[in-house]
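Heads up: the sequence lines are chains A and B, in that order. Heads up, the first sequence is in full-length UniProt numbering, so the first residue is 1 and it goes up one at a time. Heads up, the second sequence is in full-length UniProt numbering, so the first residue is 1 and it goes up one at a time. Yeah, the Cβ is synthetic: ideal placement off N, Cα and C, and Gly gets one too. Below is one structure; the comments refer to it alone.
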Amino acid sequence: MAETEEKSPGPPGGNGWRREYWRKNLRLMVTLLVIWFAVSFGCGILFVEQLNQITLGGFPLGFWFAQQGSIYVFVLLILVYCLRMDRLDKEFGVEERDEEPASGPAAASDTSAAEGDAKEGGES
Amino acid sequence: MSEIQLWTLLSIVVTFGLYIGIAWRSRVRETQGFYVAGHGIPTIANGAAIGADWMSAASFISMAGLIAFMGYDATIYLMGWTGGYVLLALLIAPYLRKWGKFTVPEFVGDRYSELVRGIAAVAAIIVSFTYVVGQMNGGGIVFSRFLQIDIQYGVLIASVVIFIYAVLGGMKSITWTQVAQYTVLIIAYLIPAVAVAQVITGIPVPQVSFGQILGELSAISEQLGVGHYTDPFTTRPMIDIFLVTMALMIGTSGLPHVIIRFYTTKTVRGSRYSAFWALLFIALLYTTAPAVGAFTQLNLLNGVQGTATDALPSWVANWSEAELVEVNPNADVINSVSNSEDSGADLIVSSDILVLASPEIAGLPAPVVGLVAAGGMAAALSTAAGLLLVISSSVSHDFYFRRFRRNASDSERLLVGRIAMAGAIVVAAVVGVNPPAFVAQVVAFAFGMAAASFFPAIVLGIFWKRCNAVGAAAGMVAGLALTITYMIYTLEVFGTDANEHILGVSPEGIGTIGAVVNFAVTIVVSKMTAPPSEEISEMVENIRYPAAERRAPAGASDD
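As structure tokens, this is what we get:
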């Protein structure tokens, strides 16, 4: 499809890589949003009565999803998004270089975590 | 002065000294610093600041109380106020950071038109103001109870403190103060929660251990007429739970004071990780809150059930003075408990006191009670400061600078911003003394309005190049008009009558429908009118990629 265009990265402006990057970004986003909806609105609200038939550690399962589980899933979804986007940015050469290296220990540990993930991803 | 009062005063004075000290050290003199902290806040600190900015008096003071009385149905707050961060992280934060200026109206102004900017600025002011009133009231509750003064004076003290550090410092000092406030509020929340969990179940992890008391709590709740604790849809129909949760999520991701926090990071990548840290910090409190609600409710109900009215525990008398607990004068023995004034129950407990009273109810020592009060203040103040900043930037930047004086100097704009902030504090304090509804509800309205106005305009502006100014303006007006009309129709606001809910949709949930209407109107009107210009398409194209220029891709080999 966009094979020929991609050979010429050239100046910005509707090149194939842009469409490809954006398509991958959207695909990741939609996947994560589907999970977001399924866990919160699905397990926590729409099917709460059915799930409440099951009890774990004193918690009716639907109730647990509504008041605990969905929140844990939200945190994980954003983490996955950050790590995946790091990888995508790198793949397409649009990652940001830290102009000022003084972005603190936070950024440093982020980077190492992201790289770890990228390596794992590369093997698969 | 009682021991509890002494400790409360001590905790509040010490923590306030800390905040004002930090504010003073990081005060700023130029607009970049005042509004976006010079884009230089490290990711984790920014996450903690977002957490404090976000977790308001409603989260800290009201939420566990609401959960205690609503049981499952309080899910709307738990999922609604966290799930929005997923939308924010995936749909909004990185793109607005890439575009990166000062305010949210500024983005829609550049993307669409000056008219849309104006509408957005008005909406930002309404939303932030509605929200700030709740914070003032929350701060007032804390002071009035612990210092034994009238709520007016409580609100007055809160306003003075907010005034000092928000007006002085701007975004940079607010950010660092908020990091300190997050620390205070989370410690204040977790210590009593862990202690109570340990005492009742022997497991010091409240998130895990409150499962053990749910059966007992459901049984005793039903006896006292509060409703089966874990059963869904006892207070609201499913459709309403769905709509309210969605409205709070969309509202969260459209709230201007949260969005501008993503402008303060160094990079686009930093804004993504800020969202992660923010939600992680928030989740720490939000997964604890249902446990606090459950434990406190069980303690409370066990403590009063079947007790003669003249032999009630001491916290009842303490809070009666602040008029937040009421014993029915006709009752001899407590056989029913409610959080609603009109229920006619033997004991009426305001949802707003449960967290503040939980250490007392559980019999924890006085320093812990004082710490919780300081935490409640931290939550109210940090959010109020963030909101005031939005009001100030909307007035000074989007109206004054953009509309009236394009050549206003930096110091002149700062002065206008500070005056706007001061004005907002005064009005908010006056309204905060006597708010139109209880704290969490007021906040829910702010969310509905944010959901129905900004969110669709921002998301379509990023993801749909064809979206144009006329469409966005029409959509925002339609969404906001529907939402506000329905709220006024169903609620007593400024003397209007409260009408029946249509199809079970509550005024808190209407924002979802307002957002859907906004989306639909924007799309239809955009399609019917001319597409936006080339430059705008190029601007939208550019915010989709983090780096300014493309480098040789790392994974070039697989192409």
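- Residue-level contact by beta carbon fails for B/Tyr189 and chain A, as no gap is shorter than 8 Å.
- Bridge partners of A/Pro60 according to DSSP: A/Thr55.
- Distance from the CA atom of B/Val395 to the CA atom of B/Ala121, rounded to whole angstroms, is 8 Å.
- The beta carbons of A/Leu77 and A/Lys24 sit no closer together than 8 Å.
- By the Cβ rule, the stretch 422-435 of chain B does not count as touching the stretch 111-121 of chain B, because fewer than three pairs are nearer than 8 Å.
- For A/Cys82, the chain B residues whose Cβ falls inside 9 Å of its Cβ are Ala89, Arg269, Arg272, Tyr273, Ala275, Phe276, in order along the chain.
- When rounded, the separation of the alpha-carbon atoms in B/Met377 and B/Val470 is 43 Å.
- Here B/Ala424 is not near B/Ala275, since their CB atoms are 8 Å or more apart.
- In this structure, DSSP gives B/Ser26 a state outside helix and strand, which the three-state scheme calls coil.
- DSSP, read as helix, strand or coil, puts B/Val205 in coil.
- Pairing B/Val369 with B/Gly140 gives a Cβ-Cβ distance that is not under 8 Å.
- B/Ile12 sits buried, since 16 or more C-beta atoms from the chains shown fall within 10 Å of its C-beta.
- At a C-beta separation below 7 Å, A/Phe74 has these neighbours in chain B: Thr82, Gly83, Tyr85, Val86, Leu279.
- By a beta-carbon distance limit of 8 Å, B/Gly514 does not contact B/Gly461. Their separation comes to about 18 Å.
- Close CB contacts of B/Leu10 within its chain, under the 7 Å cut and outside five residues either way in sequence, are with Gly370 (chain order).
- Per DSSP, B/Val108 is not a residue of any beta strand (DSSP E); the alpha helix (DSSP H) it occupies stretches across 104-111.
- The Cβ atoms of B/Tyr486 and B/Pro507 sit closer than 8 Å to each other.
- 8 Å or more divides the Cβ of B/Ala278 from the Cβ of B/Tyr545.
- Within the stretch 42-90 of chain B, the complete alpha helix (DSSP H) runs of at least 4 residues fall at 43-54, 63-70, 75-87.
- With a cut-off of 8 Å on Cβ pairs, the stretch 94-108 of chain B is in contact with the stretch 263-272 of chain B, counting three or more such pairs.
- Leaving aside the five residues that flank B/Gly83 on each side, the residues in its chain whose CB is nearer than 6 Å to its CB run, in chain order, Met249.
- The Cβ-Cβ distance between B/Trp81 and B/Tyr286 falls below 8 Å.
- DSSP places B/Leu312 in no alpha helix (DSSP H); its state is neither H nor E.
- Short of 7 Å from the beta carbon of A/Ile54, and not among the five residues preceding or following it, lie these beta carbons of its own chain, in chain order: Leu61.
- Under the three-state reduction of DSSP, B/Val327 is assigned to strand.
- Here the stretch 347-367 of chain B lies against the stretch 295-314 of chain B, with 3 or more beta-carbon pairs under 8 Å apart.
- In the three-state DSSP reduction, B/Ile334 falls in the coil class, being neither helix nor strand.
- With respect to the 8 Å criterion, B/Leu255 and B/Val127 are classified as neighbours on the basis of their beta carbons.
- With the criterion set as a beta carbon lying under 9 Å from some beta carbon of chain A, the members of the stretch 234-250 of chain B are Met238, Ile241, Phe242, Thr245, Met246, Met249, in sequence order.
- Here B/Asp346 really is in contact with B/Asn335; their C-beta atoms are around 6 Å apart, less than 8 Å.
- For B/Leu347, the enclosing beta strand (DSSP E) stretches over residues 347-349.
- A/Ala66 has a beta carbon lying within less than 8 Å of a beta carbon in chain B.
- Taking 8 Å as the threshold, the shortest C-beta distance from B/Val430 to chain A does not fall below it.
- DSSP places B/Val258 inside the alpha helix (DSSP H), whose first and last residues are 256-259.
- A/Ile54 has a beta carbon lying at 8 Å or more from every beta carbon in chain B.
- The continuous alpha helix (DSSP H) containing B/Val355 extends over residues 354-361.
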